[in-house]
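A.B. asks: Please read through the structure below; I'll follow up with questions.
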Amino acid sequence: MPEAIRKVNVIGHLHPDTDSICAAISYAYLKNQIDEPIYEARRAGALNRETTFVLKHFGFDEPPLITSVTPQIKDIVVQKQPGIDAEMSLFAAWNMMQDTKVDTLCITDEDKHLVGLIAVKDVANANMDIFDTAMLSEAQTSYKNIIETLNGSLLLGDPNGRMAKGNVRVGTTPEMMEDTIKAGDIVLVTNRYETQQFAVECDAGCLVICCGANVSKRVIASAERHGCAIITTPYDTFAAARLIGMSVPVRARMLRKGILQFSVNTSVDDARKIMAKSRHRFFPVIDEDGSYFGLVSSPNLINIKRKHVILVDHSERSQAVDGLEQAEIMEILDHHRIGTIETNAPVYYRAEPVGCTCTIIHSAYAEAGVEIPPKIAGLMLSAILSDTLTFRSPTCTARDRHAAEELAKICGEDIEAYADSMFEAGADLTGRTAEEVFHQDFKVFSRGNAKFGVGQGSYMTKNSREAAEGLVRPFLAEAAKAEELPMIFYMFTDVKSQSTDLMIYGNGAENVVAQAFGVKPKDGMALLKGIVSRKKQIIPPIMATLQKIDEDA
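In the numbering used here, the protein residues as written are 2 to 554.
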């Protein structure tokens, strides 16, 4: 069977903004037009209100969440061992284990839900329990199981009947049987008429005639009057006595509680740790619907199929989903500085000095000769307007403006009116927590040993900007601790006046701002006139200042 084509996740950065989400959707659509339809846009975190507004406006659902690309059980070869019925005999289970070379079987119900597990040791233990003569009746063993186990035939009785009471006995002579045979017992006999008849008259529940011996019509008639079933087997008494205990259904011996099992979404690393501490060899796997999927063992964890990913709008390791080093990066599309992500092999890397990733993707559509649908054009337009602050940001290029104008024609939006609506939706603080506002567009950066975070919110009115500042300020200490950051800088950008109130937190952070921007912070704030771009106007001066401080130390 040919290997299934593997999907490729197109992912933006953590704390996604409008560009990272719209770029992922737009680029996945493009790739699906020129390649196999295996590309899926994903989001690496919760969406901010601006992005939510954009998706709703153009009729898109949120991309599915992905927080890690660490290999999971779904990324290895799972043994598709079918589940067995709880009524299967131990003997049949044993034979299946020998045929499949698997020493563990999973018992499932009619809905394919896992109800138990039986291992080869459980069958062996049952076989060694030679003194438990009541095991068949205690398990309500069906005559069907007994017949199949003994390779026998039913001469008399209901094949769907069950051994409801009694023990397993071996019939020898009437004299020896008189005090041992009780009502409901199953008795193994040979060809002696007297022994057969005596067992019936003792109200045995079932006769097992060994060696394929003949049964007289008189015994059959007597057995019918007494309600005694009759089974014949070609096996001799010794073999039949050993085998009959294996007709017990697996439900009587299966493990029901404390089963070590994995979801298809369990990481391979976690599975490996659990397996190392367990004496079991095989472990059940449950699919996303809660149904039994198959079995895995330690050797299955060797050959891992890495997840395939395309990264958009970032190339910083600190901004990427977990487990990236264990994934296969196929492409990177970005408009920021070359970051810290490393790859195991050469990849298609496209980074251009423009204001928005979607500007690069707009060019990619033209290069591939693919027509941009109106809804996709709306997403790409939104990303460009968001990242360039409607062409006010110094990162904005002529290419950004040209792409936005072309996309506006396709989707039928008025740029100024739509931009105002989009930014107002993003600035709405109704019902929002400080954490939500803080993380709406927050990124972590590093320079040498220094690590810091920079967030940004863009606002159309003074009132909305000041309300956001009041909400975020008390949260900075908690955020710094949670993110393990010694310094945090948060930009509250006034789109129309093209200025930024920079909120500062951390030991030495005010000194960094003073040196980087030539201003004197007051009460943890600095007004930066003409500064609206994190990428071009905030990050480079802070990086340079931190490097100088490090060199002077």
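All C-beta atoms in this analysis are idealised placements derived from N, C-alpha and C, irrespective of residue type, glycine included. This one's a predicted model, so the numbers in the text were calculated from it and none came from an experiment.
Apart from the five residues on each side of it in sequence, which residues of its chain come closer than 6 Å, Cβ to Cβ, to residue 143?
C.D. replies: Around residue 143: 163.
A.B. asks: Taking 9 Å as the threshold (beta carbon to beta carbon), is residue 448 in contact with chain C?
C.D. replies: Within the model displayed, chain C is absent; a lone protein chain is all it includes.
A.B. asks: Below 7 Å CB to CB, which residues in the same chain sit around residue 3 once its five sequence neighbours on both sides are set aside?
C.D. replies: Confidence at residue 3 is low in this model, with a pLDDT of 39, below 50, so the placement of that residue is unreliable and no value is reported for it.
A.B. asks: Going residue by residue through the segment 76–157, where are the continuous beta strand (DSSP E) segments of at least 3 residues, counting only ones entirely within it?
C.D. replies: As far as the segment 76–157 is concerned, its whole beta strand (DSSP E) runs of at least 3 residues are 105–109, 115–120 and 154–157.
A.B. asks: If you drop the 5 nearest sequence neighbours on each side, which residues of the same chain put their C-beta closer than 8 Å to that of residue 301?
C.D. replies: The answer, listed in chain order, is 77, 78, 79 and 80.
A.B. asks: Here's the rule I'm using: 16 or more other beta-carbon atoms within 10 Å means buried, otherwise exposed. How should residue 403 be labelled?
C.D. replies: It is exposed - the Cβ of residue 403 has fewer than 16 other Cβ atoms within 10 Å.
A.B. asks: Over what stretch of residues does the alpha helix (DSSP H) that includes residue 296 continue unbroken?
C.D. replies: Premise fails: residue 296 lies in the beta strand (DSSP E), 293–297, not in any alpha helix (DSSP H).
A.B. asks: Using the DSSP secondary-structure output, state which residues sit across from residue 189 in a beta bridge.
C.D. replies: Its beta-bridge partners are 171 and 209.
A.B. asks: Pick helix, strand or coil for residue 10, following the three-state DSSP scheme.
C.D. replies: Residue state, collapsed to three classes: strand.
A.B. asks: Should residue 129 go down as buried or exposed, given a rule of 16 or more other Cβ atoms within 10 Å for buried?
C.D. replies: It is exposed - the Cβ of residue 129 has fewer than 16 other Cβ atoms within 10 Å.
A.B. asks: Going residue by residue through the segment 321–380, where are the continuous beta strand (DSSP E) segments of at least 3 residues, counting only ones entirely within it?
C.D. replies: For the segment 321–380, whole beta strand (DSSP E) runs of length 3 or above, ordered along the chain, are 329–335 and 349–352.
A.B. asks: Please give me, in chain order, every unbroken run of the alpha helix (DSSP H) with length at least 4 that falls completely inside the segment 209–284.
C.D. replies: List check, alpha helix (DSSP H) in window: 218–227, 238–244 and 269–277.
A.B. asks: Taking all protein chains shown into account, do 16 or more other C-beta atoms lie within 10 angstroms of the C-beta of residue 259, making it buried, or fewer, making it exposed?
C.D. replies: The residue in question, residue 259, is exposed, as its Cβ has fewer than 16 Cβ neighbours within 10 Å.
A.B. asks: If you follow the alpha helix (DSSP H) that residue 403 is part of, which residue opens it and which one closes it?
C.D. replies: Segment 399–412, the alpha helix (DSSP H) holding residue 403.
A.B. asks: State the CB to CB distance for the pair residue 381 and residue 362, rounded to an integer number of angstroms; the pair is presumed to be in contact (CB under 8 Å).
C.D. replies: With a Cβ gap of about 6 Å, residue 381 and residue 362 count as contacting.
A.B. asks: Is the segment 55–62 in contact with the segment 339–349, if contact means three or more CB pairs nearer than 8 Å?
C.D. replies: Flag = no, the segment 55–62 and the segment 339–349 do not touch.
A.B. asks: Indicate the three-state DSSP secondary structure (helix, strand or coil) for residue 457 in the structure shown.
C.D. replies: Residue state, collapsed to three classes: strand.
A.B. asks: Under a Cβ-count criterion, where at least 16 other Cβ atoms within 10 Å of its own Cβ denotes burial, should residue 167 be classed as buried or exposed?
C.D. replies: So residue 167 ends up on the buried side.
A.B. asks: Compare the beta carbon distance of residue 530 and residue 266 with 9 Å and say whether it is the shorter of the two.
C.D. replies: No, these two residues do not count as a Cβ contact at 9 Å.
A.B. asks: Going straight from the alpha carbon of residue 449 to that of residue 317, what length do you get?
C.D. replies: If I take the Cα positions, the gap works out to 14 Å.
A.B. asks: Which residues in the same chain have their Cβ closer than 6 Å to the Cβ of residue 138, if we skip the five residues on either side of it in sequence?
C.D. replies: Result list for residue 138: 164, 166 and 167, in chain order.
A.B. asks: Mind checking which residues open and close the alpha helix (DSSP H) that includes residue 180?
C.D. replies: No alpha helix (DSSP H) contains residue 180, which DSSP labels as neither H nor E.
A.B. asks: According to DSSP, which residues form a beta bridge with residue 451?
C.D. replies: For residue 451, which the question treats as bridged, DSSP gives the partners 448.
A.B. asks: Output needed for residue 609: all residues of its chain with C-beta closer than 7 Å, excluding positions within five of it in sequence on either side, in chain order.
C.D. replies: With the chain running from 2 to 554 in the structure shown, residue 609 is simply not present.
A.B. asks: Is the CB-CB distance between residue 336 and residue 536 below 9 Å?
C.D. replies: Going by C-beta atoms, residue 336 is nearer than 9 Å to residue 536.
A.B. asks: Just confirm the distance between the C-beta atoms of residue 127 and residue 246, as a whole number of angstroms; I'd bet it's less than 8 Å.
C.D. replies: Rounded, the Cβ-Cβ distance is 7 Å, consistent with contact.
A.B. asks: Helix, strand or coil for residue 539? Go by DSSP, reduced to three states.
C.D. replies: If DSSP states are grouped into helix, strand and coil, residue 539 belongs with the helices.
A.B. asks: Contact defined as beta carbons within less than 8 Å: I believe residue 206 pairs with residue 237. What is the distance between those atoms, to the nearest angstrom?
C.D. replies: At roughly 22 Å, the Cβ-Cβ gap does not stay under 8 Å, so residue 206 and residue 237 are not in contact.
A.B. asks: Tell me whether residue 498 is buried or exposed, calling it buried when 16 or more other Cβ atoms sit within 10 Å of its Cβ.
C.D. replies: Exposed is the call here.
A.B. asks: How do the segment 146–157 and the segment 101–110 stand: do at least 3 beta-carbon pairs fall below 8 Å, yes or no?
C.D. replies: Touching, no.
A.B. asks: Is residue 510 buried or exposed, if buried means 16 or more other CB atoms sit within 10 Å of its CB?
C.D. replies: With 16 or more other Cβ atoms within 10 Å, it is buried.
A.B. asks: Give me the Cα-Cα distance between residue 466 and residue 369, rounded to the nearest whole angstrom.
C.D. replies: Rounded to the nearest angstrom, the two C-alpha atoms are 42 Å apart.
A.B. asks: Which residues in the same chain as residue 542 place their Cβ atom closer than 7 Å to its Cβ, once the five residues preceding and following it in sequence are excluded?
C.D. replies: Hits under 7 Å: 517 and 518.
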